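In the numbering used here, the protein residues as written are 1 to 849.
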């Protein structure tokens, strides 16, 4: 490790560390514009100049371009270096406009900081400034090219790191222009990171434009809950309105960046239509009356039909505290165990993830970037977990070979091998590929049990020549790798695929490879929900929405408490759900978004959002992370005062303030047992202690209770709960995607980056960058149904008059599996009408309009 001296202070750094990074480790901040830790050096701005006094380099040099070496003596304060930087700043400011008072970057502008630090305070240039025409880049990013200092951060990030080509550098010399060839929405779902990266105000946040300065905001660290990855955010609030979210650095999860769904999905928190007042039979009431109505009616139901007549539904977007309090409420009162998952298959896959993910196997997103070979199965990263695709791209840029086995027509911003197979065949292909990569002669290393698993894997069967060749090449890449990663999705896969993926990783590790496992789950806290559902007392089988609906229909359930769930909006077959809910004696809904279910509930109790309540969320790798409380909540000032200025009167309360869902559930519990309500004095410590008693792995949550919760979170992983390791069970089954009869098709409902996630669909800005929904069909299936690309089709059980049909345009693709269809759960489609998975269709049920 090289040792060098910077400004008289000696430091030892890792091999390959740049001098600018070595100085930062000493707390010495060398000015920089083009340099960024995620982008690396490029030497474009010339403002990081320092003077090398001793060592292999001499004189003024750029500190971002030189690796630290033994014997270097560096001065950042040498008069020659300081004068050089001062002149560079002046050159950069020659054409920069005098618009700091109206620039949204003002107050957190790197150019402002470095200009002051560089001592540049007087403008000597009397000439005419260079000017540009700004472009329209869509509803998310505002373009102001006149402020550009040619640091090249934007083009390097957008093209090299993110992998998109519609924005870059054009022209030459001092007329260099950063933008698109023509106006239009930026294609990348990571475009918002340009705002954070730009050191001036060329790219600014359009939705929050002219709303406030950095010092006007209440800023707090938070989490993204729009997928299962748990990326870190900083939320900005002004006048009780969430006005902006930005990426917060996390060295184990998302690094420096987030996707646009996470950046602009916050509008639900301050939406004008957000319900903030308790309701009783559709009429506004106050919290004590609503709480009393709930407890009185619950007592009546239990007295008449017993405690088993009360059912509860939770949500995958709720905090761990809310999910745990719901489980505790059910257990204390003898009610049915709560359900969190839509159907048996979804519950089984989530349970397999929790039971098979061990500390030694789990990979973080940053560890994915360091893999030298990635095999993904049953996942569409850009649409299901966008930042996963970004991590896979970084691995591919470093030389990793990427293979994706999936039946969908995938796009990834990286070079990858796409093996198109139905879900059942995909699992068999993965097992065959991994088994093939472990040589038979490695028997002593692998071990007898692992070897038997390898040899029990059935042949993948007859495959097209191109597919067989791709599988051979992927197996060769696995054999040559040292740090392979298996990425497994849970949306388009068989029930046994997650366990199979874990077995494959164990086989690779037995062969001496540093293999790891990465899952993708269907919700922000699906991992926590699966842990709680599996640990729920007396739950021999994990309960699902499907099972609960059946119990309501047959009269076994007379009361339903839905917590941050929307049965009428998200459950399959809304007509059936509506009829079932009408049979209930009591429907209670706790939520913070407006929905059909909220308006239909007998009692509605509004809850606080993530930004107001904070909470713990467990991401797909089992990492429990805590979101901070951003503000005390309440109706935004612009809604209470009919304008942007706070009312000029004093109030004793915050209008429209709500309480966290877990605390409402605790109030229900206390009211049922006739205990006093604790109100705002309630804390989550007793709840976490109860969780720790229930399952040992939750004890990790108690360790940080005495101090700050670790920013990197704590992993809630224990030894595998699955005794049937190295099992080939299920590999011989057809599984999803297999057609029962010739001509049958199977429809999968899938997620898209924009337009399908339950909270972000309420963002008016994201709605402008959505892609119009369509039904993906293989060319042969479309031809057999008499359909062509661009046709409008009706999907349903019968003719054109069928009320359960869905109308959608058709997208015909060659790079997808035959016999399967894919339809997004898009907000503009009534996809719920098609029923729950699996949705099997005959060709005649898809008709051209």
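Glycine included, every Cβ here is placed at the ideal spot set by N, Cα and C.
Quick caveat, the model's predicted, so the values are computed rather than measured.
Residue of the options minimising C-alpha distance to residue i
| i | options | result |
| --- | --- | --- |
| residue 311 | 175, 301, 696, 499 | 301 |
| residue 427 | 361, 399, 499 | 499 |
| residue 210 | 501, 142, 337 | 142 |
| residue 661 | 154, 628, 606, 625 | 606 |
| residue 786 | 807, 844, 611, 827 | 844 |
| residue 382 | 754, 574, 208 | 754 |
| residue 525 | 480, 228, 161, 454 | 228 |
| residue 243 | 234, 6, 103 | 234 |
| residue 510 | 458, 453, 553 | 453 |
| residue 604 | 280, 166, 99, 104 | 280 |
| residue 226 | 389, 435, 385 | 385 |
| residue 365 | 680, 26, 622, 102 | 622 |
Residues that DSSP places opposite residue i in a beta bridge
| i | result |
| --- | --- |
| residue 239 | Residue 239 pairs with nothing; no bridge assigned. |
| residue 519 | 488 |
| residue 851 | In the structure displayed, the chain extends from 1 to 849; residue 851 sits before or after that span and is not available. |
| residue 852 | This structure leaves residue 852 out entirely; the chain is present only between 1 and 849. |
| residue 11 | 4 |
| residue 60 | 51 |
| residue 110 | In DSSP, residue 110 forms no bridge with anything. |
| residue 842 | 744 |
| residue 562 | 313, 589 |
| residue 233 | 222, 247 |
Residue i at chain D interface by Cβ criterion, 9 Å
| i | result |
| --- | --- |
| residue 163 | In the structure shown, chain D cannot be found, because there is only a single protein chain. |
DSSP-derived helix/strand/coil call for residue i
| i | result |
| --- | --- |
| residue 25 | helix |
| residue 677 | coil |
| residue 4 | strand |
| residue 603 | strand |
| residue 609 | coil |
| residue 740 | Its pLDDT being 47, under 50, residue 740 is placed unreliably in this model, and the value from its coordinates should be taken loosely. Residue 740 falls in the coil class under three-state DSSP. |
| residue 713 | coil |
| residue 325 | helix |
| residue 652 | coil |
| residue 618 | strand |
| residue 390 | helix |
| residue 694 | helix |
| residue 626 | strand |
| residue 683 | coil |
| residue 341 | strand |
| residue 753 | coil |
| residue 540 | At residue 540 the pLDDT is 46, less than 50, meaning the model places this residue with poor confidence and gives no usable figure here. |
| residue 204 | strand |
| residue 361 | coil |
Rounded Cβ spacing between residue i and residue j (contact assumed at less than 8 Å)
| i | j | result |
| --- | --- | --- |
| residue 278 | residue 287 | 5 Å |
| residue 43 | residue 65 | 5 Å |
| residue 749 | residue 837 | 7 Å |
| residue 849 | residue 807 | 7 Å |
| residue 501 | residue 377 | 7 Å |
| residue 370 | residue 395 | 7 Å |
| residue 718 | residue 696 | 7 Å |
Nonlocal neighbours in the same chain, by C-beta distance under 6 Å from residue i, ignoring five residues either side
| i | result |
| --- | --- |
| residue 212 | 238 |
| residue 657 | 633, 634 |
| residue 562 | 313, 589 |
| residue 763 | 264, 265, 267 |
| residue 756 | 824, 825, 826 |
| residue 129 | 95 |
| residue 752 | 383, 824 |
| residue 779 | 812, 814 |
| residue 108 | 214 |
| residue 257 | 193, 247 |
| residue 684 | 321 |
Own chain, CB closer than 8 Å to residue i, minus 5 neighbours either side, in chain order
| i | result |
| --- | --- |
| residue 740 | Note that residue 740 scores a pLDDT of 47, beneath 50, so its modelled location is shaky; the value from the coordinates is reported in the next line. Closer than 8 Å at Cβ, skipping near neighbours: 840. |
| residue 544 | 339, 341, 342, 343, 344, 346, 347 |
| residue 800 | Interpretation of residue 800 is limited by its pLDDT of 41, a score under 50 that renders its predicted location unreliable; the figure taken from the coordinates is listed afterwards. The residues are 794, 847, 849. |
Cβ neighbours of residue i in the same chain (closer than 7 Å, five flanking residues each side left out)
| i | result |
| --- | --- |
| residue 788 | 782, 812 |
| residue 89 | 47, 114, 115, 118, 120 |
| residue 709 | 626 |
| residue 132 | 145, 146, 177 |
| residue 305 | 558 |
| residue 598 | 275, 589, 591, 604 |
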